[in-house]
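Enquirer:
There are 2 protein chains.
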Amino acid sequence: MTARIAPTALYQEVAERLRQRIFAHELLPGAWVDEQKIAEQYGISRTPLREALKVLASEGLVVLKPRRGCYVTEISPRDLDDIFPLIALLEGRCAAEAVHKMNKADLERLAAIHARLERSARDNQITDFFEANQEFHRTIQELADNRWLLQVIQDLRKVLKLSRIHSLSLEGRLQQSLEEHRAIMAALEAGDARQAEQLMHDHLLSGREALARMQDSKAA
Amino acid sequence: MTARIAPTALYQEVAERLRQRIFAHELLPGAWVDEQKIAEQYGISRTPLREALKVLASEGLVVLKPRRGCYVTEISPRDLDDIFPLIALLEGRCAAEAVHKMNKADLERLAAIHARLERSARDNQITDFFEANQEFHRTIQELADNRWLLQVIQDLRKVLKLSRIHSLSLEGRLQQSLEEHRAIMAALEAGDARQAEQLMHDHLLSGREALARMQDSKAA
DNA sequence: ACGGATAATACTTTATTCATAATTATGAAT
DNA sequence: ATTCATAATTATGAATAAAGTATTATCCGT
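Protein chains in written order, with our numbering: chain A, 215 to 434; chain B, 215 to 434.
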């Protein structure tokens, strides 16, 4: 028997695997989640799978219809219009809090991530840029040092991942995104909380706008 | 056998019953939740109970320790300091959005609730006041018409209910709370979104401060 | 007498089985 | 030919049982 280093319960592992499949759009929004089939695929019984689905349901990734089964959540344009301003508000607050709470070492760590962002953009490494971008935001959220604020943002971002928007919305406006990041970084370095909050807020809204333009042009 | 009017799943009913027991502090923070005992009490098997606990866990009401069982979440003063400003931010936003989205009928409905608040305060009906207060906040949140914003606030408020603070923090400052509500109501009626946001924000923070003072005096 | 190790007990976790409800398909009647 | 009703099949929801892991208590050794 292999030593189980991670003492994590089976239903948690299953939840994580399903999360990844949903984010990878292997399970499409609206699709029915066949309990028997998945349980069979994973070589487990339905009990831990059902418990995993309860977890995903409260994360908003799936919807459980009583006596009807489980379906992957569908996100509407309306939902995006509701969620983006909310994340903008919350991450704006993170930026402001980060200014107050971070020390010199934190700032240098953030600067290093920002440098990676600049490098990836210069070399046109989309995947790298995407990752560094995520880490940049995540780090600022953690510097705000508010467990509940972090949790709320992460939950909302999970829901956003249901849509294919995330990577796409970045690609089209890599240069603009980069400049916005520069401005945020400058505000953080200057210790200007108000400015950092405003810039972060606008940065996220501008992401939503770029996405809307993209969908408009696709519709035409 | 009573006819099951509600076609809701057993685990949902169980989750709701447990929620109420937790909010009523019949299950104290930190207390171990004995699966066998509860299942026996409710006359059900442990399977739906376990599914209910998964739901409560993602709401943050209980903590599931792998191989250790389930415990009612304990909220620290630090958590309160993290959560209150967050709710203040979010409900402030609700007030601002409500100004933009509500119509005349909505405003009248809100005014009626506010009138109930005034009446309860005058007659010193604490329970009534408490209920009207909740409805006032809830209504403004719904007027903001943002499903995700509402969800986040409700989740955070659920966690706050773990602490006994809510009713207590009101009793001590009924008059002040009433005056703050009056100001918020006036801003809403004037259609001043900025002002409504600010007042709602400060109203919630002032609730936290009153609580802190109360705990200080209790400690002394 | 104190500390560590082993064994036993208890509780979580997973699997299997069963029942109930919903949906779909088929057949009959209009 | 179309619609409605009934029956059958399939999937969800619940319960019981079995297995594995953690914790605690006891015993032995130092």
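Beta carbons are placed, not taken as given, at the ideal position from N, Cα and C, and that holds for glycine.
As the structure is a prediction and not an experimental result, all values here were calculated from the model.
With DSSP as the reference, label B:Leu278 as helix, strand or coil.
Expert: Strand.
Enquirer: Within the 9 Å Cβ cut-off, does A:Leu425 reach chain B?
Expert: It does not: the Cβ of A:Leu425 has no partner Cβ on chain B nearer than 9 Å.
Enquirer: To the nearest angstrom, how far is the alpha carbon of A:Arg218 from that of A:Leu270?
Expert: No answer about A:Arg218 holds up, because its pLDDT of 37 lies below 50 and its placement is not dependable.
Enquirer: Can you have a look at B:Asp248 and say buried or exposed, based on whether 16 or more other CB atoms are within 10 angstroms of its CB?
Expert: Label assigned to B:Asp248: exposed.
Enquirer: Does the separation of the CB atoms of A:Ala401 and A:Ala358 fall below 9 Å?
Expert: Their beta carbons are not under 9 Å apart, which means A:Ala401 does not touch A:Ala358 by this criterion.
Enquirer: Indicate whether A:Leu232 and A:Leu267 have their beta-carbon atoms separated by less than 9 Å.
Expert: Contact: yes.
Enquirer: Report yes or no: is there a C-beta of chain B within less than 9 Å of the C-beta of A:Gln226?
Expert: Output row for A:Gln226: interface = yes.
Enquirer: Measuring CB to CB, does B:Ile236 end up less than 9 Å from B:Leu275?
Expert: Yes.
Enquirer: Return the first residue and the last residue of the beta strand (DSSP E) that A:Gly283 is part of.
Expert: A:Gly283 -> beta strand (DSSP E) spans Gly283 to Val286.
Enquirer: Relative to the alpha-carbon of A:Gln226, which residue among A:Asn338, A:Gln355, A:Glu240 and A:Ile258 has its alpha-carbon at the smallest distance?
Expert: Out of A:Asn338, A:Gln355, A:Glu240 and A:Ile258, A:Ile258 has the C-alpha closest to the C-alpha of A:Gln226.
Enquirer: Going along the chain, which residues of the segment 273 to 289 of chain A sit with their C-beta nearer than 9 Å to a C-beta in chain B?
Expert: Taking 9 Å as the Cβ-Cβ cut-off against chain B, the residues of the segment 273 to 289 of chain A that qualify are Glu273, Gly274, Leu278, Pro280 and Arg281.
Enquirer: When you compare only the Cα positions, how much space is there between B:Asp430 and B:Leu418?
Expert: If you take the alpha carbons of B:Asp430 and B:Leu418, they lie about 19 Å apart.
Enquirer: Please report the residue range of the alpha helix (DSSP H) in which B:Thr353 lies.
Expert: Note, B:Thr353: alpha helix (DSSP H), Ile340 to Leu357.
Enquirer: Going by alpha carbons, who is nearest to A:Ile379 out of A:Met428, A:Lys251, A:Gly405 and A:His328?
Expert: Nearest option by C-alpha distance: A:Met428.
Enquirer: Can you list the residues of chain A that B:Ile297 reaches, using a CB-CB cut of under 7 Å?
Expert: Result: Trp362.
Enquirer: Indicate whether at least one CB of chain A lies closer than 9 Å to the CB of B:Leu370.
Expert: So, interface residue.
Enquirer: Using the DSSP secondary-structure output, state which residues sit across from B:Val247 in a beta bridge.
Expert: Partner(s): B:Cys284.
Enquirer: So the alpha helix (DSSP H) A:Ser290 belongs to, where does it begin and stop?
Expert: Premise fails: A:Ser290 is in no alpha helix (DSSP H) and is neither H nor E.
Enquirer: Quick check: A:Met399 and A:His328, are their CB atoms within less than 9 Å of each other?
Expert: Yes, the pair counts as a contact, with Cβ atoms nearer than the cut-off.
Enquirer: Sorted by chain position, which residues of the same chain lie with C-beta nearer than 7 Å to A:Ala253's C-beta, five sequence neighbours on each side aside?
Expert: Here the set comprises Ser259, Arg260 and Leu263.
Enquirer: Which residues in the same chain as B:Val366 place their Cβ atom closer than 7 Å to its Cβ, once the five residues preceding and following it in sequence are excluded?
Expert: Taken in chain order, the residues that qualify are Leu304.
Enquirer: Looking at the structure shown, is B:Thr261 part of a helix, part of a strand, or coil, going by DSSP?
Expert: The answer is helix: DSSP assigns B:Thr261 an H, G or I state.
Enquirer: Helix, strand or coil, according to DSSP, for B:Met316 in the structure here?
Expert: Coil.
Enquirer: Which residues in the same chain have their Cβ closer than 7 Å to the Cβ of A:Pro299, if we skip the five residues on either side of it in sequence?
Expert: The answer, listed in chain order, is Leu419.
Enquirer: With a CB to CB cut of under 7 Å and the five nearest residues on each side skipped, what residues in its chain are close to A:Ala229?
Expert: Only Ala266, Val269 and Leu270 meet the Cβ criterion.
Enquirer: For B:Ala223, go through chain A and note every residue whose CB falls closer than 7 Å to its CB, in chain order.
Expert: What B:Ala223 touches in chain A: Pro280.
Enquirer: Quick one: is B:Ala400 near chain A, going by C-beta distance under 9 Å?
Expert: No, its Cβ sits nowhere closer than 9 Å to a Cβ of chain A.
Enquirer: Just to confirm, does A:Val277 get its C-beta within under 8 Å of one of the non-hydrogen atoms of the ligand FMN?
Expert: The ligand FMN is not among the ligands present in this structure, which contains no ligands whatsoever.
Enquirer: So that I know if they touch, is there some Cβ in chain B lying closer than 9 Å to that of A:Ala271?
Expert: It does; some Cβ of chain B falls within 9 Å.
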